[in-house]
Amino acid sequence: MFKSVVSKGALACLLLGAWLAVALPAQAREVTDVLGRQVKVPDHVERIVLGEGRLIAAVALLDKQNPFARVVGWQNDMRQLDPNTYAAYKAKFPAVDNLPLIGQASEQSVSVEKILSLKPDLAVFSISGHGPTEHSPAADILEKAGIAVIFVDFRINPVKGTHISLTALGQALQREAEANDYLAFYDQHLKHVTDVVATLPAGPRPKVFLELLAGAWLAPGHTTGVSGLGEIINTVGGQNIAAGVVPGALGDISVEYALKADPDVYIATGNHAPGLLLGEGIRQDQAQATLQKILARPEFQSLRAIRTGQAHGLWHDFYNSPYNILAIEALAKWIHPQAFGDLDPQKTQDTLNTRFLDTPLAGQYWVDAAAKHL
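Just remember that the numbering used here sits 3 ahead of the position in the sequence shown, which is counted from 1.
Below you can see the structure in the form of structure tokens.
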């Protein structure tokens, strides 16, 4: 069991265990993180702790041949919440099974004492998620112990956050060229989408209901608001039906509210049973079968979008990933199919795999209710 980040043990470890502190060398580089903090990072980072296991997706773009080469500890969230992706990494890097854990899948489970014992040069935390966030005392404790901490964001403001976060990580890990290369690819594909959206006729946008972890969440109606994937809906020219009632990235709406909103497009996200199966190692027929089960739930089966075949499934973990350009393209094509007839998210995924990843995205990451291929 892991102790809370605010445990007395953590403070005692800081005060009495000075021998754990990792002093910054005379040569250090200054990195601006997603919170605008100026952070002095060692010139040669060799030991990294990830305050969310799924941040390995960003590291994989930078330390391409072995994303785990510098990671000395991480949380257990990927193994618990996205087991298929974890299995793919384990198959290629078996030692990942023995990588020290700093916590499970919650901020409360994280042990600062454990992080200190790993003697990292750098800790990478998300501003929101399953690990230490911008409001956690963990960063302050680690910085007092001489450990650099940078915050990233692929979740709250996905487009801007991806740019700032990858730039900061690239600088911190001396992988600026890799970060810039990926962001140039990202911007090229994003510009195509936003250029088309800018030409759409004035008037109401298609209404979209995006249900997060459909069939796996405790109650129907878990969704996104004005930020997170809601920001992506707006970017691609859609009208999120929950934007007026969910102020942040995550929240819930009632079944009655969704039915009354009468969305033009329904999108479910998922990555594991008992919900929608999408992601690493998932076949198209598996994704299709589980989507049909989601659409048959009595709560939402009468939605016009579902009845008319305007329903789709999206890999859940795009909501917190630098690979969200694939979600942007998929949503653009679903929400404005005529305007984006030439858009090919699968081709973009293939390019992402070929140019940027040694551990490729190999599986079905989106699916259409009518079995149409994007």
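Virtual Cβ for every residue (Gly too), placed ideally from N, Cα, C.
Of the residues assessed, ASN183 falls on the exposed side of the cut-off, its CB having fewer than 16 other CB atoms within 10 angstroms. Under DSSP, no beta-bridge partner is assigned to GLY278. Of ASN356, GLU332, PRO325, the smallest CA-CA separation from ALA60 is found for PRO325. CA-CA distance, ILE338 to LEU213, rounds to 12 Å. Shown here, ARG32 sits in a strand according to DSSP, grouped into three states. The beta carbons of LYS67 and GLU179 sit no closer together than 8 Å. With contacts defined by Cβ atoms closer than 8 Å, PRO161 and GLY54 do not form a contacting pair. Secondary structure note for HIS47: it is in no beta strand (DSSP E), with a DSSP letter that is neither H nor E. Contact check for HIS225 and ASP255: beta-carbon distance about 5 Å, within the 8 Å limit, so the pair qualifies.
Checking the DSSP bridge columns, you'll see GLN78 partnered with GLY106. Apart from sequence neighbours up to five positions away, the residues of its chain that approach GLN174 with a beta-carbon distance below 7 Å are ARG32, VAL34, ordered along the chain.
Distance between ALA330 and ALA219, taken at the CA atoms: about 20 Å.
Taking 8 Å as the cut-off, the Cβ atoms of GLY278 and LEU216 count as close. Under the Cβ criterion (8 Å, minimum of three pairs), the segment 75 to 91 counts as touching the segment 111 to 125.
Straight across, the Cα-Cα distance linking ARG300 with VAL258 is about 12 Å. Per DSSP, TRP318 lies in no alpha helix (DSSP H) segment; the continuous beta strand (DSSP E) that holds it begins and ends at 314 to 318. For TRP369, the enclosing beta strand (DSSP E) stretches over residues 369 to 371.
Spatial neighbours of PRO348 in its own chain (CB-CB distance under 8 Å, excluding positions within 5 residues in sequence) are listed in chain order as LEU329, GLU332, ALA333, LYS336, TRP369, LEU377. In the structure shown, the three-state DSSP call for VAL155 is strand.
In this structure, the alpha-carbon of LEU262 lies about 25 Å from that of ASN274. Here the segment 100 to 114 does not lie against the segment 145 to 161, with fewer than 3 beta-carbon pairs under 8 Å apart. Membership of LYS117 in the alpha helix (DSSP H) is indicated by the continuous run 115 to 120.
If only uninterrupted alpha helix (DSSP H) runs of at least 4 residues are considered, those enclosed by the segment 240 to 291 are 258 to 264. For SER129, DSSP records a beta bridge to VAL155. Apart from sequence neighbours up to five positions away, the residues of its chain that approach ASP100 with a beta-carbon distance below 7 Å are LYS93, ordered along the chain.
Ranking ILE153, LEU306, GLY284, ILE285 by CA distance to the CA of VAL211 puts LEU306 first. Here GLY54 carries a strand assignment [DSSP, helix/strand/coil]. In this structure, VAL152 lies away from SER168, with their beta-carbon atoms at least 8 Å apart. Looking at the DSSP output, LYS163 sits in no beta bridge, so it has no partner there. In this structure, TYR260 lies away from ALA314, with their beta-carbon atoms at least 8 Å apart. Per DSSP, VAL211 is one residue of the beta strand (DSSP E) stretching across 210 to 214. Contact check for THR227 against LEU253 passes: the beta carbons are separated by less than 8 Å.
Across the set ASP267, ALA148, PHE71, GLN367, the C-alpha of GLN367 shows the shortest separation from the C-alpha of GLY282.
Pairing TYR322 with GLY241 gives a Cβ-Cβ distance that is not under 8 Å.
From the listed residues ASP46, ALA141, THR170, ALA365, the smallest Cα separation to VAL52 is found for ALA141. LEU104 is not a Cβ neighbour of PHE71, given a cutoff of 8 Å.
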